[in-house]
Amino acid sequence: MDNGIQPLDPVAIQLGNISVKWYGVIIASAVVIALLLALSEANKRKMDKEIIVDLLIWAIPISIISARIYYVIFEWDFYKNNLGEIVKIWHGGIAIYGALIGAVLTAVIFSRIKKISFWQLADVVAPSLIIAQAIGRWGNFMNQEAHGVETTRAFLEGLHLPEFIINQMYIDGAYYQPTFLYESLWNVLGFIILLVIRRTKIRRGELFLGYVIWYSFGRFFIEGMRTDSLMWGAFRVSQALSLFLIILAIGIIVYRRLKMNPPYYMEDKYGKVAKGK
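Residues in the sequence shown are numbered from 1331 upward in steps of one, following the working numbering.
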């Protein structure tokens, strides 16, 4: 039976010689959904919605570039002998942590130029970020990538997964752990939690920092199951970075509460607060 399993077609639309992959369709859909959610929250907070759109215009290309740079750095043993491959992003090779680093740096610079609060801006888009990541992992599913270690069909059936997911995890004659699914579900749960806690008395910046902690905690364990991790010596890069970000985010929350007394997320208006809080 296993020998007759065919993977899902990664091509969504074929227009002559042009192939539109499901990966691109899913990522684009994730961006649109994230934007709509951020605009909705910005409207509730009486923010200028054009700020969100302007940020996205800059953040998307910079995030793609930074995701590629991040990947190339940790795969330099290959790219140093194949310099022409560095720009060939269509051959694969981007890292979500690299994209997030690029997006955050863009938001920091953008907020300074616009003279608005980075923390408030980050809070507004935090739920959008994590749900976009949840959706985006299904692009990896269509490409049969970002999977975990080898397993059995019986194990996957024991998880009560739909048949199409089990079959898609059959790759080159073996079944693999659907780590894309584990991370997607973890992010969906995180999205729900963020929506709930942002209606409580949290301080500005803590929704975004909570997102960093939640995502990094889940990613640490899920990364340990994957077979395609970027390595830094004997360490998985994403696991090391996850631990660092968890400690950093907790430290920032404690410091800001003790030293800065930032306002509550729900109580102030965009751009009308003391700089740096």
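Just so it is clear, CB atoms sit at the ideal spot from N, CA and C, and this is done for glycine as well.
On a predicted model such as this, the values are computed, not experimentally measured, just so you know.
Checklist entry - Which residues mark the beginning and the end of the beta strand (DSSP E) in which serine 1349 is found? => result Locating residue 1349 in the sequence shown gives position 19, counting from the first residue. Run containing serine 1349: 1348-1351, per the beta strand (DSSP E) assignment.
Checklist entry - By the 10 Å Cβ neighbour count, where 16 or more other Cβ atoms means buried, how is proline 1391 classified, buried or exposed? => result Sequence index remark: in the sequence shown, residue 1391 carries index 61 (1-based). That one is exposed.
Item to check | Beta-carbon contacts of serine 1396 that lie in its chain and below 7 Å, excluding the five residues immediately before and after | outcome: Residue mapping note: residue 1396 aligns to position 66 of the sequence shown, counting from 1. Within the same chain, serine 1396 has close Cβ partners Gly1428, Ala1429, Ile1431, Gly1432.
Checklist entry - Hey, phenylalanine 1521 and asparagine 1470: beta-carbon distance below 9 Å or not? => result If you number the sequence shown from 1, residue 1521 lands on position 191. If you number the sequence shown from 1, residue 1470 lands on position 140. Phenylalanine 1521 is not a Cβ neighbour of asparagine 1470, given a cutoff of 9 Å.
Item to check | Exposure of tryptophan 1420, with buried meaning 16 or more beta-carbon neighbours within 10 Å | outcome: For the purposes of this step, residue 1420 is taken as residue 90 along the sequence shown, with counting starting at 1. Exposed.
Item to check | Environment of glutamate 1480 [buried if 16+ CB atoms lie within 10 Å] | outcome: By 1-based counting over the sequence shown, the position of residue 1480 is 150. With fewer than 16 Cβ atoms within 10 Å of its Cβ, glutamate 1480 is classed as exposed.
Checklist entry - Would you call the stretch 1549-1559 and the stretch 1472-1487 touching, i.e. three or more CB-CB distances under 8 Å? => result Contact between the stretch 1549-1559 and the stretch 1472-1487 is present, with at least three C-beta pairs closer than 8 Å.
Item to check | isoleucine 1580 versus leucine 1491: straight-line alpha-carbon distance, rounded | outcome: In the sequence shown, counting from the first residue as 1, residue 1580 sits at position 250. In the sequence shown, counting from the first residue as 1, residue 1491 sits at position 161. Taking the straight line joining both Cα atoms gives about 35 Å.
Item to check | Reduced DSSP secondary structure (H/G/I, E/B, other) of tyrosine 1505 | outcome: Mapped onto the sequence shown, residue 1505 falls at position 175. Correct three-state label for tyrosine 1505: strand.
Next on the checklist: Quick check: the Cα distance between valine 1438 and serine 1546, rounded to an integer number of angstroms?
Outcome noted: Mapped onto the sequence shown, residue 1438 falls at position 108. Mapped onto the sequence shown, residue 1546 falls at position 216. Valine 1438 and serine 1546: Cα-Cα distance of roughly 20 Å.
Next on the checklist: If contacts are defined as beta-carbon pairs under 8 Å, then valine 1542 and leucine 1571 qualify, I think. What distance do you get, rounded to the angstrom?
Outcome noted: Here residue 1542 corresponds to residue number 212 of the sequence shown, with the count starting at 1. Here residue 1571 corresponds to residue number 241 of the sequence shown, with the count starting at 1. Not really, about 11 Å apart at Cβ, beyond 8 Å.
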